[in-house]
Every structure is written in C-alpha cells, then in structure tokens.
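See below for the structure under consideration.
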Amino acid sequence: MAAGAGLLVIFLAWFAGPGLFGISNDTQGTTVRAEVLEPAPCTGGGASEKVKFEFGGKPMEGSLNGCGHGKGERVDVVVPDGASGDGVSVHAVDATAGASDARRPLGLALLVFSCFAGGMYVFLVLRGPRVPVAA
Numbered sequence: 001m002a003a004g005a006g007l008l009v010i011f012l013a014w015f016a017g018p019g020l021f022g023i024s025n026d027t028q029g030t031t032v033r034a035e036v037l038e039p040a041p042c043t044g045g046g047a048s049e050k051v052k053f054e055f056g057g058k059p060m061e062g063s064l065n066g067c068g069h070g071k072g073e074r075v076d077v078v079v080p081d082g083a084s085g086d087g088v089s090v091h092a093v094d095a096t097a098g099a100s101d102a103r104r105p106l107g108l109a110l111l112v113f114s115c116f117a118g119g120m121y122v123f124l125v126l127r128g129p130r131v132p133v134a135a
C-alpha cells in the first residue's frame, strides 16, 4: 500500500510539470540590449554595475546585478514590466529564474528517495520489533 502511494505521488509529480518545484522558464520582463557605464569588479559579494539602455522609446539607466563586464560592453538584460525612471534594477538574460534545467530531475529524484524512505519506514513499523531467539 505504501509503495503504491509512493508511486502515485511520483506519477502525479511527473505530470504536474516544472511548476511543482517552483521552476519557471518565463522571463518576467522585456529583453533589451544595454551598455555598461560603470563596471564593477568581481571581488566580494553584491557587485552592481551601472548600465544604460532604451526602454519604451526612452533612454534609461539602471543597475545590473552582476560584475566583470568592461566599460562600453553591450549585454542583454531583462527590464521588469512597468519599469519607469532611472535606477531600475535589471538582471542578465542568462541569470533568469528557471535557466537551470537540472532542477526538475533533481527535485524528482529527491521526491523518489523520500517516497522510498517513507515506504521503508511504514514497512519497519508494521513489521514490529524483532525479538532475538535464545539458542
């Protein structure tokens, strides 16, 4: 019974799709070409570069959550929907959420292992304690 329930959970998880594990390949914004104005070195964390781009027919400036680009280098960034004014926070196209396709198989493998562990636990509880036989 436990094995059947585990297989049912795995089957339903497989057909639920990537949304089950919080994986989405949809970009939340518009992809534009930006030029790096002020590059940031990749030492330490939280590096942010200043970029300029055209969005909605108007030139804009924003901060790119990244590092290691050269001044004047052109990068593709995603501008959030409804962005206006300067100081918009953008991110690189390659760094969008869901870009890693390895998360779904890994999540499914972890689900399989947890179902197996749950089934083994039920088996051990139902079997009961083993009593040693005196020889």
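In terms of full-length UniProt numbering, the sequence shown opens at residue 1 and continues consecutively. For every residue, glycine included, the Cβ atom is placed at its ideal position computed from N, Cα and C.
Indicate the three-state DSSP secondary structure (helix, strand or coil) for M60 in the structure shown. Here M60 sits in strand by DSSP.
So V77 and V32 are supposed to be a Cβ contact under 8 angstroms. How far apart are they, rounded? The C-beta separation of V77 from V32 comes to about 6 angstroms, placing the pair in contact by the 8 angstroms criterion.
To the nearest angstrom, report how far apart S89 and A16 are at their CA atoms. One alpha carbon belongs to S89, the other to A16, and they sit about 33 angstroms apart.
How would you call G62, buried or exposed, if buried means at least 16 neighbouring beta carbons within 10 angstroms? G62 is buried by the Cβ-count criterion.
On the DSSP letters alone, give me the boundaries of the beta strand (DSSP E) that A34 sits inside. Boundaries of the beta strand (DSSP E) around A34: T30 to E38.
Assigned secondary structure, A89 (DSSP; H/G/I helix, E/B strand, else coil): Checking the sequence shown, residue 89 turns out to be Ser, not Ala. The answer is strand: DSSP assigns S89 an E or B state.
Using only CA atoms, which one of C115, T30 and L64 lies nearest to A40? Of C115, T30 and L64, the residue nearest in Cα terms is L64.
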